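Have a look at the structure below before the remarks.
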DNA sequence: CTTGAGCTTCCAGCCACTGGAAGGACTATC
DNA sequence: GATAGTCCTTCCAGTGGCTGGAAGCTCAAG
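Protein chains in written order, with this note's numbering: chain F, 57 to 188; chain D, 57 to 188.
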C-alpha cells in the first residue's frame, strides 16, 4: 500500500513515516514508480512506534523496542536484558501516571482552593516520584 | 535555594529549569545577587513538570496541568473540564502502557523466534490501540 | 488530455531542550 | 587580601524529532 494508506492505518502522518525511514527506523519497499510500498506488518510496526513515542520513549528507545519486536533471535540473553529494562521502565511510567492521576483527581475532588503547601496529600504526591 | 540545589532536588538540569522560566512555565524569585531563588513548592512544581514531561505531555499540556495544580480557583467549571480531559488522557496512556507491557512481556516469554504475523496475540496488541 | 490528488525530494522552521562561551559571584585556602 | 575553583548569569548556537512548503513526477477520473 502507499504511504497515505499506511499513514491512515497507523495514525502517523506521512511526513513522520518518511522521517522514520530517513533515520533508519523503518525502511519501506519501493514500487516500480518509486512510491513507498507498505505491508500490514509495516503498519503494525508504525502503530507500535506511534504508541511508544507518545508514551515518552525516545526514538532510540523505540528503535530498541522495535528491534525487540522484530528480532528473530529473541532468545539471546542481551535482547532479553533489554526487554527486562524496558519492562521496568514501562512499569515505572505506569506507576508515575497512576500517581499523577491520583494527584489530579485529588486536586479536582477533595482540595479546598487556597494555597498549596498545606495539603499533605498533594505534598506527598508532588514530592515523591523520580528523585533519582 | 539556588538553581543547582533546585536541580538536584527536582531531577531537572539547571538548563531546563532556566528554559522553563524563559517560556513562562515557572518564574523564580531573584536573590540580591541576581541568582534565581527557589522554594520547596517550586521544587514540587519542577518535579511535577519533570514527571508529566517524561510521560509524554507537551509543554503546553504541562502548563495546563500545572495551572490546575497551582490554581486557587479550582472550583470553576472550565478548570474542572480541563482536569477531566487530562484524567482521561492519563487513563488512556496507562492503558497503552499496559498493553505495551503485555506485548513486550509476551515477546520475551512466550513467542517462538520466527517471523511475526503468525502470532495472534502480537497481532492483536500491535494492531489495536489508537487507530483514531 | 486536463485536472486534481497523491507521491517524490529537498530545504526551512519549530519545539524542547542542551552545550559552550564570556563574565560576575561565592567559598575556601594561603 | 589575592587566588582558585565552583556556581551563577546571559546569550548564541546546535540537536532531536518532527512539520510545512515548494517544485516536480505519477496516477485515476472525467
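We treat Cβ as the ideally placed atom computed from N, Cα and C, and that holds for glycine. Predicted model only: the values in this text are computed from it and were never measured.
When the distance is taken between beta carbons, is residue 121 of chain F closer than 8 Å to residue 149 of chain F? Along the first chain, one-based indexing puts residue 149 of chain F at 93. Along the first chain, one-based indexing puts residue 121 of chain F at 65. No, these two residues do not count as a Cβ contact at 8 Å.
Flag this pair as yes or no: are the beta carbons of residue 107 of chain D and residue 160 of chain F separated by less than 8 Å? Indexing the second chain from 1 puts residue 107 of chain D at position 51. Indexing the first chain from 1 puts residue 160 of chain F at position 104. Not a contact, by the Cβ cut-off of 8 Å.
With residue 81 of chain D and residue 119 of chain D assumed to form a contact (beta carbons below 8 Å), what rounded beta-carbon distance in angstroms separates them? Here residue 81 of chain D corresponds to residue number 25 of the second chain, with the count starting at 1. Here residue 119 of chain D corresponds to residue number 63 of the second chain, with the count starting at 1. Contact holds; Cβ gap of about 6 Å.
Could you tell me the alpha carbon to alpha carbon distance between residue 145 of chain F and residue 147 of chain D, rounded to whole angstroms? Position 89 of the first chain holds residue 145 of chain F. Position 91 of the second chain holds residue 147 of chain D. Distance between the alpha carbons of residue 145 of chain F and residue 147 of chain D: 18 Å.
To the nearest angstrom, report how far apart residue 87 of chain D and residue 152 of chain D are at their CA atoms. Along the second chain, one-based indexing puts residue 87 of chain D at 31. Along the second chain, one-based indexing puts residue 152 of chain D at 96. Distance between the alpha carbons of residue 87 of chain D and residue 152 of chain D is about 44 Å.
So, for residue 94 of chain D: in the same chain, excluding its five sequence neighbours on each side, which residues have a beta-carbon less than 6 Å away from its beta-carbon? The residue labelled residue 94 of chain D in the question sits at position 38 within the second chain. Contacts found: 57, 62 and 84.
Given a cut-off of 8 Å on the beta-carbon distance, is the pair residue 73 of chain D and residue 59 of chain D in contact? As a working note, residue 73 of chain D is residue 17 in the second chain. As a working note, residue 59 of chain D is residue 3 in the second chain. Going by C-beta atoms, residue 73 of chain D is nearer than 8 Å to residue 59 of chain D.
Hey, how far is the Cα of residue 65 of chain D from the Cα of residue 91 of chain F? Taking the first residue of the second chain as 1, we reach residue 65 of chain D at position 9. Taking the first residue of the first chain as 1, we reach residue 91 of chain F at position 35. Using only the alpha carbons, I get a separation of about 51 Å.
In chain F, which residues lie with their C-beta within 8 Å of the C-beta of residue 152 of chain D? Taking the first residue of the second chain as position 1, residue 152 of chain D is located at position 96. Near residue 152 of chain D (Cβ distances below 8 Å), the residues of chain F are 107, 110 and 111.
For the alpha helix (DSSP H) containing residue 62 of chain D, name the first residue and the last one. For this step, residue 62 of chain D is matched to residue 6 along the second chain. Taken as a continuous stretch (DSSP letters only), the alpha helix (DSSP H) holding residue 62 of chain D covers 59-66.
Would you kindly report the start and end of the unbroken alpha helix (DSSP H) that includes residue 104 of chain F? By 1-based counting over the first chain, the position of residue 104 of chain F is 48. Start and end: 96-110.
Exposed or buried, what is residue 165 of chain F when buried is set at 16 or more other beta-carbons lying within 10 Å of its beta-carbon? Mapped onto the first chain, residue 165 of chain F falls at position 109. Residue 165 of chain F should be labelled exposed.
Look at the alpha carbon of residue 102 of chain D and the alpha carbon of residue 115 of chain F, and state the distance between them as a whole number of angstroms. Taking the first residue of the second chain as 1, we reach residue 102 of chain D at position 46. Taking the first residue of the first chain as 1, we reach residue 115 of chain F at position 59. Pairing residue 102 of chain D with residue 115 of chain F, the inter-Cα distance amounts to about 24 Å.
Counting only the same chain and skipping the five closest in sequence on each side, list residues whose C-beta sits under 7 Å from that of residue 139 of chain D. As a first step, residue 139 of chain D must be located in the second chain, where it is residue number 83. Once the five neighbours on either side are set aside, the close Cβ partners of residue 139 of chain D are 124.
Can you list the residues of chain F that residue 157 of chain D reaches, using a CB-CB cut of under 8 Å? Counting from 1 along the second chain, the entry for residue 157 of chain D is found at position 101. Against residue 157 of chain D, the close residues of chain F are 143, 146, 147 and 150, in the order they occur along the chain (beta-carbon pairs closer than 8 Å).
Is residue 68 of chain F close to chain D, meaning its C-beta is less than 8 Å from at least one C-beta of that chain? Position 12 of the first chain holds residue 68 of chain F. No, no contact with chain D.
Continuous alpha helix (DSSP H) stretch holding residue 83 of chain D: start and end: Residue numbering aside, residue 83 of chain D sits at position 27 when the second chain is read from its first letter. Residue 83 of chain D -> no alpha helix (DSSP H), and no H or E assigned at all.
Please go through the same chain and pick out, in chain order, the residues whose beta-carbon is closer than 7 Å to the beta-carbon of residue 104 of chain D, but skip the five residues on each side of it. Mapped onto the second chain, residue 104 of chain D falls at position 48. Excluding positions up to five away in sequence, the list reads 122 and 125.
Hey, how far is the Cα of residue 143 of chain F from the Cα of residue 137 of chain D? On the first chain, position 87 is the one that residue 143 of chain F refers to. On the second chain, position 81 is the one that residue 137 of chain D refers to. Between residue 143 of chain F and residue 137 of chain D, the C-alpha separation is close to 33 Å.
Reference residue 98 of chain F; option with closest CA among F:76, F:117, F:154 and F:89: What you label residue 98 of chain F is simply residue 42 of the first chain in a count that begins at 1. Comparing Cα positions, the closest option is F:76.
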